[in-house]
Every structure is written in structure tokens, then in C-alpha cells.
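Line by line, the protein sequences give chains A and B.
Under the working numbering, think of the first position of the first sequence as 4, with each following residue one higher.
Under the working numbering, think of the first position of the second sequence as 4, with each following residue one higher.
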Amino acid sequence: MALEDRNRVVILEDRVENVSGAEFPMSFDGQETAFNMESFKDSFDIRIVRVTPTDIEFDLIGVDASIANALRRVLIAEVPTMAIEKVYMINNTGIVQDEVLAHRLGLIPIKADPTEFLWKHDGSVPTDQNTIVFRLDVTCEANRAAAPGETDPKKKYINSSVYSNQLVWDPKGDQSVRFESNPIKPVNDEILITKLRPGQTISCELHCEKGVGKDHAKFSPVATASYRLLPEIQILEDITGDDAELFRSCFPDGVVEIVEERGVRKAKVVNPRKDTVSREVFRHKQFEDKVRLTRVRNHFIFNVESTGAIPPETLISQALDVLMEKCEISKAALAAAVKSGEEDE
Amino acid sequence: MNAPERHEMFTLPEGARKIDISKDAKMANCVIFNIQREDHTVANILRYKLLQNSQVLFAAYRMPHPLEHHVELKVQTTSRTTPVDVMKEAIELLMQDYGNIRSAFDNELFRMEASGGDASMRGARIGAGYGGFGALDPTTAEFGVAGGMGGRGDRSDDVDIDF
Numbered sequence: 004m005a006l007e008d009r010n011r012v013v014i015l016e017d018r019v020e021n022v023s024g025a026e027f028p029m030s031f032d033g034q035e036t037a038f039n040m041e042s043f044k045d046s047f048d049i050r051i052v053r054v055t056p057t058d059i060e061f062d063l064i065g066v067d068a069s070i071a072n073a074l075r076r077v078l079i080a081e082v083p084t085m086a087i088e089k090v091y092m093i094n095n096t097g098i099v100q101d102e103v104l105a106h107r108l109g110l111i112p113i114k115a116d117p118t119e120f121l122w123k124h125d126g127s128v129p130t131d132q133n134t135i136v137f138r139l140d141v142t143c144e145a146n147r148a149a150a151p152g153e154t155d156p157k158k159k160y161i162n163s164s165v166y167s168n169q170l171v172w173d174p175k176g177d178q179s180v181r182f183e184s185n186p187i188k189p190v191n192d193e194i195l196i197t198k199l200r201p202g203q204t205i206s207c208e209l210h211c212e213k214g215v216g217k218d219h220a221k222f223s224p225v226a227t228a229s230y231r232l233l234p235e236i237q238i239l240e241d242i243t244g245d246d247a248e249l250f251r252s253c254f255p256d257g258v259v260e261i262v263e264e265r266g267v268r269k270a271k272v273v274n275p276r277k278d279t280v281s282r283e284v285f286r287h288k289q290f291e292d293k294v295r296l297t298r299v300r301n302h303f304i305f306n307v308e309s310t311g312a313i314p315p316e317t318l319i320s321q322a323l324d325v326l327m328e329k330c331e332i333s334k335a336a337l338a339a340a341v342k343s344g345e346e347d348e
Numbered sequence: 004m005n006a007p008e009r010h011e012m013f014t015l016p017e018g019a020r021k022i023d024i025s026k027d028a029k030m031a032n033c034v035i036f037n038i039q040r041e042d043h044t045v046a047n048i049l050r051y052k053l054l055q056n057s058q059v060l061f062a063a064y065r066m067p068h069p070l071e072h073h074v075e076l077k078v079q080t081t082s083r084t085t086p087v088d089v090m091k092e093a094i095e096l097l098m099q100d101y102g103n104i105r106s107a108f109d110n111e112l113f114r115m116e117a118s119g120g121d122a123s124m125r126g127a128r129i130g131a132g133y134g135g136f137g138a139l140d141p142t143t144a145e146f147g148v149a150g151g152m153g154g155r156g157d158r159s160d161d162v163d164i165d166f
């Protein structure tokens, strides 16, 4: 296979070919597949396409699938965040059971920088360095000012719906000083926690601790992190006239444009990145041999959506740091294993 | 009732070693690394880096059972080096790789912030209204800050929302 083609995953009508790379030793005579720092530096690129307060889209080019996948896995499961871990129920006369309420509270994203906090181990004392304390005190009452015959619970009762903005932060120790400029609160104020009716009350103390997504999904800092490979559409033979119009309609808007060349209207691929690779082209017999759908094997388009607790740029940096730390741990463990192996002998 | 503790997935028990090395009896220069409390994240990247070393004849990993949280990495090399040495090299190279990615990412971010965001939006349309989904925090004026992001200081800017 040509060097270019080795880099492509071919998408056919009913299957996908060349899925796994042939990048192992001795797979191709005479072709150099061993690692080369220079060629890595040449082919590697990272481009940030879009950054918003909640998501980031960036391209990772020239790395292998295992590296990109490791980054994705770490983003989902191993970047630490703060989340409500312990709920001390003082009073709950609402309809929703204690444990269900506690579960819902745990899932609320908390806007606190996890790097400012230490890990808390089971059984150790909660301190201002490893715990954030919130209080939730809500009582529902009838609204005397409401019109008789009013049916909307929001008008008929006060506090009939409990929202996340009713979580009150109780700064302990030096937290009020440390977080003076950015007080700790839930990321969103409009998360509905539970509903109450007059006479019902909820009173509880919530402790937030540092954790990772591997432990419980509530600690995951991303709404989701995913990547896709860059699609590529190769037109092998010119597609002209009405066929060109049909060809254009087979792809999402903006992928294919019609250009006039010497009086002939031809189809031209302008932005394959927008393609969703639906393979609609293959449903039309006339395009069977004229088009080749592939994906570039080492061009990853990452889309990371943060829950809001950690800004997306910081998230990627932290994920890369976590990965490096894992390598460090492996290195130290390997040294220890070798040493104890030598001692045994 | 029978569910194991979630933290068992990543906390090493007392006295256990993180990596156990055992020689394979049947093949020469072949070693099996048993890494405790790790999963595909680390094992796959180690395997990939090992395969890029021309001295490695065989490198593969497996997770014998998904409920037991350890991976086995089997490495065989030519007689010119040892599996432990190539493993050390692989870890070093991986750290360099991720270090490069990290610095490239930081540079790219810095470049974007410096140029105010708009000019460096390669491939993105200004006002690409995906910012509409930024409605995660509706009580502040942050959502729909479409297009350029010049770092955190810019978030309060008034920008048109393109839904």
C-alpha cells in the first residue's frame, strides 16, 4: 500500500476496511516504521478551532489512536472535581426519599477549583482543606397572596420547587478568604432538585469532596468528551451536470460545491470536515466508481464539553498532566519491581 | 450485595506491588509485566510505544478479566536488549510525547489569546452559534459568546448570539 493510503480508513458501502494500522515491526519490508522524534515533530500538530466557556473543539494531528483514546478516557474518568459526597439529613418530610434526594444532590456540578483542595481519605476528619460544606434549608408554605382557585403551584405555594440556587455555601476555616473573589456555588442555578408542598421541609448539610469519574460519574468534569476522524472525499472521475447536483445533495451543506470549469459544471469537495459520512453517495449507482470515502487515521477532531466546573482549556491541560503522572507512576513502579526482582535473586 | 467497592478499581491494596515482572518460560528474552489497578488507558499507549521500537519482536496486552483490575503486558525483544530496558524507554518516550502535546497545546492557547481569538479561528466561522449551547449558565451573560475567545477576561463582552 502506498504511504498515503496506509494512513486512511476506507469506508465502503457495507463495511469499513483497513481499520487497524499496520504500524507494527516488520509489517512492510523496506519501510521505516520505527519511532523517529524528527518525523514526529514534523507531522504533529495541534489546532484549536473553537473555545467557549463551556466547550472546546481542537484537532490533534499526527498521533496514534491509542494516544488520542487515552486522552479521551482520562478526560472522562480521571480528572478530579468536587462533588457532593455526604448528605447529612436533618429533616426531610418531602415526598422524595432521602437516598433519592441525596443521589440527585450528588449529581449537581459544583463550581470549585479542585486543585485548591486536597484528597480526603475514608475515615479522615473533614477539614477546610478537603471539604466544602453547603446547607439546604427549604420549607414550603401556602402563598396567602395567591388568587383563590389558582392552580399553578409556583404561584399557589412558596418554595414549591427546590432549585440548586437554594444551596447555601457555608465557608469553613480560611475558605472565605481563599475564595473571596470566586465564591463556591453550583455551576447552574436552575437545576430542579425536588418539589415540595405546604408543610413539607428539607433540612440537610452537604459535604463536597474531591473525586474522579472512575469512582462515580458525578465526579466527571465533562458532559462528554469525544473525537472523530477527519473525513476525506476523493472524487476519482469528474462528476458533471445534473449528477453534480445530486452529488452535492448527498452531503451536508457546505461539503461539496459546484464550480464552472470551461463551461462544464463540476462537483468539487470544499469542506470535508463538515461531512457526517452518512454514505448517502453509495445509494446512487452512478457514483459507485467515481468517489472514494475515507477517513484520515491520525487526524482527530476532539469535541470536549465541560460541565462548567473547570474551564475547557484547563481541562485538557489537566488531563495531559494526569497522563504524564500515570507514566511517572509506571516508571517508579517498574524501578521498584526490577529492584525487588534483583533482591530476590 | 456482591458489588465490589468502586475504589478497588484504582487504589492499590496494602503490600501489593504495582508492577510484577515474570519471565516467560517458553520464549527467550520474553517478560510479562503484570500492572495492578490499571486499565486500557495506560496499557494501550505502552503497547503502542513498545511496537515502535525496532528491537521489540512482540508486544501485546490483555485484561484477563474485566472484573479484576489489572493488565498483562507481554514483551519480547531481540537479544540486543532486554524487555525491561525497552519498557523504560517506552515510558520515557511517552512522557516526552505527552509533554510535547502539552506544550503545543499551551502555545496554541497562548497564541489564540494573544491574537484576540478571531484571527486564529482556523476553520471556524465567526458567530458559529454553537455557543448557544453555552446556555448552561443562563443566569450570567456568558452564553452565546460565539466565535473568538480571548481568555477569561473576554467573557463579559457583548457578542451577538447567532442561533
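Cβ coordinates follow ideal geometry from the N, Cα and C atoms, glycine included.
In whole angstroms, what separates the C-alpha of residue i from that of residue j?
{"i": "V267/A", "j": "E20/A", "result": "34 Å"}
{"i": "P151/A", "j": "I161/A", "result": "15 Å"}
{"i": "D58/A", "j": "V307/A", "result": "6 Å"}
{"i": "G244/A", "j": "E264/A", "result": "11 Å"}
{"i": "R53/A", "j": "L70/B", "result": "39 Å"}
{"i": "T310/A", "j": "F61/A", "result": "18 Å"}
{"i": "L97/B", "j": "E328/A", "result": "11 Å"}
{"i": "A71/A", "j": "I51/A", "result": "15 Å"}
{"i": "L63/A", "j": "K175/A", "result": "42 Å"}
{"i": "S206/A", "j": "I187/A", "result": "20 Å"}
{"i": "K379/A", "j": "N146/A", "result": "In the structure as shown, chain A starts at 4 and stops at 348, and residue 379/A therefore has no counterpart that could be examined."}
{"i": "A335/A", "j": "I22/B", "result": "9 Å"}
{"i": "E349/A", "j": "E144/A", "result": "The shown model of chain A, from 4 to 348, leaves out residue 349/A, and the question about it has no answer."}
{"i": "I135/A", "j": "I94/B", "result": "37 Å"}
{"i": "K221/A", "j": "D88/B", "result": "40 Å"}
{"i": "L295/A", "j": "V272/A", "result": "The residue you asked about is not Leu; residue 295/A is Arg in the sequence shown. Approximately 12 Å between the Cα atoms of the pair."}
What are the boundary residues of the beta strand (DSSP E) that residue i is part of?
{"i": "H124/A", "result": "First-last for H124/A: undefined, no H or E at that position."}
{"i": "D140/A", "result": "135-142"}
{"i": "V99/A", "result": "V99/A -> no beta strand (DSSP E), and no H or E assigned at all."}
{"i": "A270/A", "result": "267-272"}
{"i": "S164/A", "result": "164-166"}
{"i": "D48/A", "result": "48-54"}
{"i": "T204/A", "result": "204-214"}
{"i": "L232/A", "result": "225-238"}
{"i": "V280/A", "result": "First-last for V280/A: undefined, no H or E at that position."}
{"i": "E264/A", "result": "259-264"}
Determine the chain B residues that contact residue i at a beta-carbon separation under 9 Å, and present them in chain order.
{"i": "D218/A", "result": "R9, H10, M12, F13"}
{"i": "N72/A", "result": "H43, T44, N47, I48"}
{"i": "L323/A", "result": "Y101, G102, I104, R105, F108"}
Please report the residue range of the alpha helix (DSSP H) in which residue i lies.
{"i": "S349/A", "result": "No statement about residue 349/A is possible, as the shown extent of chain A runs from 4 to 348 and does not include it."}
{"i": "R20/B", "result": "Per DSSP, R20/B belongs to no alpha helix (DSSP H) and is neither H nor E."}
{"i": "D62/A", "result": "Taken as a continuous stretch (DSSP letters only), D62/A belongs to no alpha helix (DSSP H), being part of the beta strand (DSSP E) at 58-64."}
{"i": "A73/A", "result": "68-80"}
{"i": "H43/B", "result": "43-54"}
{"i": "A149/A", "result": "No alpha helix (DSSP H) holds A149/A; DSSP gives it neither H nor E."}
{"i": "G317/A", "result": "The residue you asked about is not Gly; residue 317/A is Thr in the sequence shown. 315-347 is the extent of the alpha helix (DSSP H) around T317/A."}
{"i": "F108/B", "result": "86-117"}
{"i": "S364/A", "result": "Residue 364/A is absent from the model: chain A starts at 4 and stops at 348."}
Mind checking residue i: buried by the 16 CB within 10 Å criterion, or exposed?
{"i": "P16/B", "result": "exposed"}
{"i": "V262/A", "result": "exposed"}
{"i": "Y101/B", "result": "buried"}
{"i": "V128/A", "result": "exposed"}
{"i": "A144/B", "result": "Caution is warranted here: a pLDDT of 37 is assigned to A144/B, below 50, making its placement in the model unreliable, and the coordinate value is therefore given only provisionally. Classification of A144/B: exposed, given that the 10 Å Cβ count is below 16."}
{"i": "I98/A", "result": "exposed"}
{"i": "N5/B", "result": "exposed"}
{"i": "P117/A", "result": "buried"}
{"i": "P275/A", "result": "buried"}
{"i": "A338/A", "result": "exposed"}
{"i": "F113/B", "result": "exposed"}
{"i": "D278/A", "result": "buried"}
{"i": "N110/B", "result": "exposed"}
I want to verify the contact list: residues of chain B whose CB lies under 8 Å from the CB of residue i, in sequence order.
{"i": "G344/A", "result": "I24"}
{"i": "A423/A", "result": "For residue 423/A there is no data in the structure shown, the boundaries of chain A being 4 and 348."}
{"i": "D67/A", "result": "Y51"}
{"i": "S320/A", "result": "R105, F108, D109"}
{"i": "L170/A", "result": "Here the premise fails: no neighbours, minimum Cβ distance about 14 Å."}
{"i": "A312/A", "result": "Per Cβ cutoff of 8 Å: no residues; A312/A is ~11 Å from chain B at best."}
Which chain A residues are close to residue i, counting only those with a beta carbon under 7 Å from its beta carbon?
{"i": "V45/B", "result": "K329, S333"}
{"i": "L112/B", "result": "I51, E316"}
Who are the neighbours of residue i on chain A, taking C-beta pairs under 8 Å?
{"i": "R65/B", "result": "Those within 8 Å of R65/B in chain A number zero; the least Cβ separation is about 15 Å."}
{"i": "M115/B", "result": "I51, V54"}
May I ask you to check if the CB of residue i is nearer than 7 Å to at least one heavy atom of the ligand HEM?
{"i": "F182/A", "result": "Summarising the ligand content, the structure contains no ligands, and the ligand HEM is consequently not present."}
What does residue i reach in chain B if we use C-beta pairs closer than 7 Å?
{"i": "F120/A", "result": "Those do not exist, as F120/A stays about 18 Å from chain B at its closest Cβ, beyond 7 Å."}
What residues from the region 81-107 of chain B come within 9 Å of chain A, judged by C-beta to C-beta, listed N to C? Result list: V87, M90, K91, I94, E95, L96, L97, M98, Q99, D100, Y101, G102, N103, I104, R105, A107.
Residues of the region 198-229 of chain A with a CB closer than 9 Å to any CB of chain B: list them in chain order, please. Going along the region 198-229 of chain A in chain order, one finds V215, K217, D218, H219, A226 with a Cβ nearer than 9 Å to chain B.
Cβ-based contacts, 7 Å cut-off: residues of the region 75-93 of chain A near chain B: If you check each beta-carbon in the region 75-93 of chain A against every beta-carbon of chain B, the ones closer than 7 Å belong to R76, V77.
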